[in-house]
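Yeah, the sequence shown ends on 490 if you go by our numbering, and it's all consecutive.
First up is the structure itself, then whatever we jot down about it.
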Amino acid sequence: HLIEQYRSEAMIKKADGHHLADMIFNWFNNGAGAKFFKTKEGKAFLFYNRRQYEIGNNVDFNALMTQMTKLSVLEKPGNLVWYFLTNFCILHGAQVDMMSWIHTDRQRDTIYINLSSEHNKILRIEPGKDPQMIENGTNEQSVLLSSSSQIQPFEYIPNTSEAEGFARLKALILDTTPAELSQRYFLLCWTISIIMMHYQSDRGLMQVIGGTSMGKSKVAERISMLLYGESFVGKGTGAAETRVATNNPIVFLDNLENRNLILGTVDFLLFLANSAHKPKANAGSDTEVLYQKLNAFGMCTGIEPFPGKYPELINRTWPMGLEPRYKQNGYMHDATMGDIRKNRNMMLSAIFKVLAHKVLPKLERRRFWSQELQSRHAGHNKERNNEHLCTICVILEAVLEYIPIDAGKS
Numbered sequence: 081h082l083i084e085q086y087r088s089e090a091m092i093k094k095a096d097g098h099h100l101a102d103m104i105f106n107w108f109n110n111g112a113g114a115k116f117f118k119t120k121e122g123k124a125f126l127f128y129n130r131r132q133y134e135i136g137n138n139v140d141f142n143a144l145m146t147q148m149t150k151l152s153v154l155e156k157p158g159n160l161v162w163y164f165l166t167n168f169c170i171l172h173g174a175q176v177d178m179m180s181w182i183h184t185d186r187q188r189d190t191i192y193i194n195l196s197s198e199h200n201k202i203l204r205i206e207p208g209k210d211p212q213m214i215e216n217g218t219n220e221q222s223v224l225l226s227s228s229s230q231i232q233p234f235e236y237i238p239n240t241s242e243a244e245g246f247a248r249l250k251a252l253i254l255d256t257t258p259a260e261l262s263q264r265y266f267l268l269c270w271t272i273s274i275i276m277m278h279y280q281s282d283r284g285l286m287q288v289i290g291g292t293s294m295g296k297s298k299v300a301e302r303i304s305m306l307l308y309g310e311s312f313v314g315k316g317t318g319a320a321e322t323r324v325a326t327n328n329p330i331v332f333l334d335n336l337e338n339r340n341l342i343l344g345t346v347d348f349l350l351f352l353a354n355s356a357h358k359p360k361a362n363a364g365s366d367t368e369v370l371y372q373k374l375n376a377f378g379m380c381t382g383i384e385p386f387p388g389k390y391p392e393l394i395n396r397t398w399p400m401g402l403e404p405r406y407k408q409n410g411y412m413h414d415a416t417m418g419d420i421r422k423n424r425n426m427m428l429s430a431i432f433k434v435l436a437h438k439v440l441p442k443l444e445r446r447r448f449w450s451q452e453l454q455s456r457h458a459g460h461n462k463e464r465n466n467e468h469l470c471t472i473c474v475i476l477e478a479v480l481e482y483i484p485i486d487a488g489k490s
């Protein structure tokens, strides 16, 4: 093992913790293909064998150290080794910005996303170039994205046909939504705009409205399957929803009726729509407050639209009404969810390629759409979401190349 010069457990237990930590740190740093890095928040990380470990008393790092050194954090000198390794990393590790599942370099219009790909790879989407898988944390840009426990592993397929991917999106997402054609397109473009969330500070919420048995939850489940590879539609606690919103693409509030709109829920939805920092008490301190950045969109389902006593919420919400006349004959939900899971890699790969080649290079088009909105629809009741609408319009222009209006009819 790594500290093989200590030939017995008895020798290891008598060893100096500082000396052992120094040996381990130097071994990883010199020729092991590893890298130590730190964040501005003072967290220490080790990148080794294409995996990222937070240095400290946690399952992954404990297992690595047990495998390589036979040390345990539960007894000396292991606890001291963990302590000194953290200090060495803070002193000598490269500093990177620890971000959520997504980071956008606005200067270069380049988007980085972590969709739980193999070997701790993240995806870089830049204008005019094919998306590329790069190392997480040890890339040239020092972008470090945290991983999500909800996002199921995604594999980017470089040779994906954009036309084929969008044909599957039409069949599985657009055609299966029992709403007017224009609203179906809006739903698809709104979903794609999640990847471009950092291009607007105000982010419109999506509310799926319909009577009993209209399939409101099923609409949300299909979007969840596309983005997560699994359905996470259901009610959660406020604390759980906040955790999801800090490191996941979308939060679902299912069956949210007006009688359930307590103040905490309304505040949470407004935080989502404002892309705000949500305050949180720091454990172990009576005075310190941490601010959690919400990096998610919000989708709600319910029978009725939000009531008039919440104008701030109404102004930030796009309602989508489901109607019986648009229901797809012979629809089978479980089979459709299975098809979305099977085709998820292809559909997401197509989306990322279209963003890279058709959307990011044409961001200037948002100015055109902004002028259109201000001249033709001045003062409309969703005006605070104009920037988000402009992003959606640019996405729609790209989507229509692959799903023209005539093809979208069903």
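No residue lacks a Cβ here, since even glycine has one placed at the ideal position from N, Cα and C.
Here the structure is a predicted model, which is why all the values come from computation and not from measurement.
Candidates the options: closest to residue i by CA position
i, options, result
"residue 236", "476, 439, 430", "430"
"residue 129", "159, 198, 160", "198"
"residue 117", "255, 225, 240, 254", "225"
"residue 218", "133, 275, 323, 309", "133"
"residue 417", "223, 335, 248, 124", "248"
"residue 195", "122, 187, 183, 156", "183"
"residue 174", "114, 155, 274", "114"
"residue 480", "216, 461, 126, 265", "265"
"residue 274", "410, 471, 136, 484", "471"
"residue 349", "374, 432, 144, 327", "374"
"residue 169", "202, 125, 201", "125"
"residue 449", "331, 468, 397", "468"
"residue 280", "352, 99, 110, 311", "352"
"residue 420", "292, 382, 251", "251"
"residue 189", "476, 466, 447, 441", "441"
"residue 234", "338, 423, 453", "423"
"residue 120", "171, 283, 478", "171"
"residue 308", "97, 193, 214, 336", "193"
"residue 289", "282, 110, 257", "257"
"residue 329", "404, 346, 311", "311"
"residue 464", "147, 268, 283, 99", "283"
"residue 354", "325, 163, 428", "325"
"residue 331", "340, 385, 286", "286"
"residue 97", "109, 110, 205, 155", "155"
"residue 180", "409, 323, 270", "323"
"residue 99", "410, 158, 425, 445", "158"
"residue 253", "460, 408, 110, 454", "408"
Extent of the continuous beta strand (DSSP E) run through residue i
i, result
"residue 183", "182-185"
"residue 190", "190-193"
"residue 330", "330-333"
"residue 204", "201-205"
"residue 287", "285-289"
N- and C-terminal bounds of the alpha helix (DSSP H) containing residue i
i, result
"residue 163", "158-172"
"residue 421", "413-434"
"residue 300", "296-308"
"residue 481", "466-482"
"residue 345", "343-354"
"residue 245", "242-249"
"residue 456", "445-456"
"residue 67", "It is not possible to answer for residue 67, since the shown part of the chain is limited to 81 through 490."
"residue 253", "Careful: residue 253 lies outside any alpha helix (DSSP H) and carries neither H nor E."
"residue 393", "391-394"
Exposure label - residue i; buried when at least 16 CB within 10 Å
i, result
"residue 231", "buried"
"residue 367", "Note on residue 367: pLDDT 40, under 50, position unreliable in the model; no value is reported."
"residue 161", "buried"
"residue 300", "buried"
"residue 304", "buried"
"residue 321", "buried"
"residue 379", "buried"
"residue 255", "buried"
"residue 474", "buried"
"residue 458", "exposed"
"residue 263", "buried"
"residue 229", "exposed"
"residue 415", "exposed"
"residue 370", "At residue 370, the pLDDT of 47 sits below 50, so the modelled position is not reliable and the matter cannot be decided from this model."
"residue 404", "exposed"
"residue 338", "exposed"
"residue 245", "buried"
"residue 388", "exposed"
"residue 271", "buried"
C-beta atoms of residue i and residue j nearer than 8 Å
i, j, result
"residue 101", "residue 165", "yes"
"residue 243", "residue 390", "no"
"residue 210", "residue 436", "yes"
"residue 176", "residue 227", "no"
"residue 278", "residue 186", "yes"
"residue 433", "residue 240", "yes"
"residue 382", "residue 259", "no"
"residue 398", "residue 462", "yes"
"residue 306", "residue 427", "yes"
Test: residue i CB closer than 8 Å to a CB of chain D
i, result
"residue 379", "Protein chains in the displayed structure number just one, and chain D is not present."
message = Suppose only complete runs of 3+ residues qualify. What are the beta strand (DSSP E) ranges in the stretch 96-155, listed by chain order?
response = Correct list: 115-118, 124-128, 131-134.
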